[in-house]
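In the numbering used here, the protein residues as written are 7 to 354.
For every residue, glycine included, the Cβ atom is placed at its ideal position computed from N, Cα and C.
Working notes, beginning with the structure itself.
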Ligand SMILES: Nc1ncnc2c1ncn2[C@@H]1O[C@H](COP(=O)(O)OP(=O)(O)O)[C@@H](O)[C@H]1O
Ligand SMILES: [Mg+2]
C-alpha cells in the first residue's frame, strides 16, 4: 500500500518576470517503509517538491495542479492548520538550513522539549525522557541537551535537528540535503544514522541529494529529476547497474564512489534549463550527446522500460549503445563543442 501518492503535481512560483514552473506534472508513489532518493542537479525542483508536501513553499509558490494522497487523504486540500498538525507527528523534514534555525538563546534540549510539547500530548517529564532517547539514537549524550547551539559543532547541531525531526516517529521523513554542509566523514555517519532510525521506526523516507552515490548506499529506489520533471525512476540496484536515461548516464559519470577505482570523472557540460522559459521537446536535449530531431519537438513521456524501471527518453530502446558511448570522454566533449558553437552563433 502506498503511504504517499503524488499525482500530476505542478508547482509554480510567481515572480516579477513571470511565472516559473519549478515542478511540472510529477507523479510518483512511496510505499510504507520505502526510502527513495530524489536526485538531480541544483535548480531541478527537488526542494520545491519536498517543501510543497509539508506546505512550506515560499509565499510566491503554489501547487497549481495535482494531488498528494497521504494515508488516503489529499494533502493539497488540507487547511494550513491540518497540515501543521501533521508536521512532526506524521511528516518530518530535515533540511540543510535547519541547523541555522536553532534559537541561540535557548538550550537545544529546551527547544526539543518545546517542539515535542507543542505537537504531542505528553507531560514535560515524558518529553524529557523522549529527548534523551532520541539524542541517544543520533549519538548525542544526555548532557548535550543542556548545550546552547554555539556550544555544539556543526555535526552535533545537525544530529540534534535530526533528533527533533524523529522524536514523534513520523511516518514520512523528508531529508533535503541533510548533511551537505558537513564534512564527508561526518556526512556518512549521520546519513547512516538517519537510515538506521528510519528502518527502526519503519517510516518512509524521501532523501534529497545532488550526489547520487549517497543514494546507492541508503535508498531502495531512486527518482532522477531534471528541469522540473522526472527523467528516470527505478529500484536503486537496477539503476546503478543499468541506468537508462542519458541524463542519468551523465550523472553516473560525475560521481566517483560508485565507480571502479581509476575511472575518470566526467561532468555533463552545460547547465539545467531556465524554468522561467517555456520548455520545448525534451528538457535535457541541449546537453544530451544523443539528441535527435524528435527531441527538439516532442516531450518524451515517462515510459516503463523494465518492470518498475521508467525512463523519459524517446530512445529508451537504444540504451545499450548510449551506455557504452556515455563512458567515453569524447562523447561529452562533443556536447561541450556543440554548446560552445551554439553560443557563438547566438552572440553573432
Ligand atoms: N521562492 C522562489 N521564487 C522563484 N523561484 C524559485 C523560488 N524558489 C525556488 N525557485 C526556482 O525554482 C527552481 C527549482 O528550485 P529548487 O526546488 O530549489 O531546486 P533544487 O532543490 O533541485 O535545487 C529553480 O529554478 C529555482 O530558482
Ligand atoms: Mg534544493
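At a cut-off of 7 Å, is residue i close to ligand 1 when judged by its beta-carbon and the heavy atoms of the ligand?
i           : result
residue 36  : no
residue 66  : yes
residue 62  : no
residue 154 : no
residue 253 : no
residue 43  : no
residue 247 : no
residue 104 : no
residue 257 : no
residue 19  : yes
residue 187 : no
residue 107 : no
residue 277 : no
residue 301 : no
residue 46  : yes
residue 28  : yes
residue 281 : yes
residue 225 : no
Assign residue i to one of two classes, buried (16 or more other C-beta atoms within 10 Å of its C-beta) or exposed (fewer than that).
i           : result
residue 198 : exposed
residue 292 : buried
residue 156 : exposed
residue 163 : buried
residue 51  : buried
residue 350 : exposed
residue 19  : buried
residue 228 : buried
residue 298 : exposed
residue 282 : exposed
residue 110 : exposed
residue 44  : buried
residue 150 : buried
residue 313 : exposed
residue 46  : buried
residue 79  : exposed
residue 321 : buried
residue 273 : exposed
residue 258 : buried
residue 67  : buried
residue 210 : buried
With residue i and residue j assumed to form a contact (beta carbons below 8 Å), what rounded beta-carbon distance in angstroms separates them?
i           : j           : result
residue 137 : residue 122 : 7 Å
residue 40  : residue 226 : 6 Å
residue 252 : residue 319 : 6 Å
residue 288 : residue 305 : 6 Å
residue 232 : residue 290 : 6 Å
residue 235 : residue 32  : 7 Å
residue 178 : residue 10  : 6 Å
residue 250 : residue 317 : 4 Å
residue 54  : residue 182 : The Cβ separation is near 10 Å, so there is no contact.
residue 212 : residue 165 : The pair is not a contact, with the Cβ atoms about 20 Å apart (cut-off 8 Å).
At which residues does the alpha helix (DSSP H) containing residue i begin and terminate?
i           : result
residue 340 : 335-353
residue 157 : First-last for residue 157: undefined, no H or E at that position.
residue 86  : 86-92
residue 258 : 252-260
residue 303 : 299-303
residue 43  : Not the alpha helix (DSSP H): residue 43 falls in the beta strand (DSSP E), residues 41-45.
residue 124 : 114-125
residue 142 : 130-143
For the beta strand (DSSP E) containing residue i, list its first residue and its last residue.
i           : result
residue 208 : First-last for residue 208: undefined, no H or E at that position.
residue 59  : That residue, residue 59, is in no beta strand (DSSP E); its alpha helix (DSSP H) goes 52-59.
residue 17  : 8-21
residue 226 : Premise fails: residue 226 is in no beta strand (DSSP E) and is neither H nor E.
residue 331 : Element bounds for residue 331: not the beta strand (DSSP E) but the alpha helix (DSSP H), 325-332.
residue 240 : 235-241
residue 97  : 97-101
residue 310 : 309-312
residue 315 : 315-317
residue 153 : No beta strand (DSSP E) contains residue 153, which DSSP labels as neither H nor E.
residue 177 : No beta strand (DSSP E) holds residue 177; DSSP gives it neither H nor E.
residue 37  : 24-37
residue 73  : 67-76
Run the proximity test for residue i: is its beta-carbon closer than 7 Å to any non-hydrogen atom belonging to ligand 4?
i          : result
residue 50 : Among the ligands in the structure shown, ligand 4 does not appear; only ligand 1 and ligand 2 can be found there.
Ligand 2: which residues have Cβ under 7 Å from any of its heavy atoms, chain order? A residue is listed when its beta-carbon falls short of 7 Å from at least one non-hydrogen atom of ligand 2; in chain order these are 48, 52, 53, 182, 183, 214.
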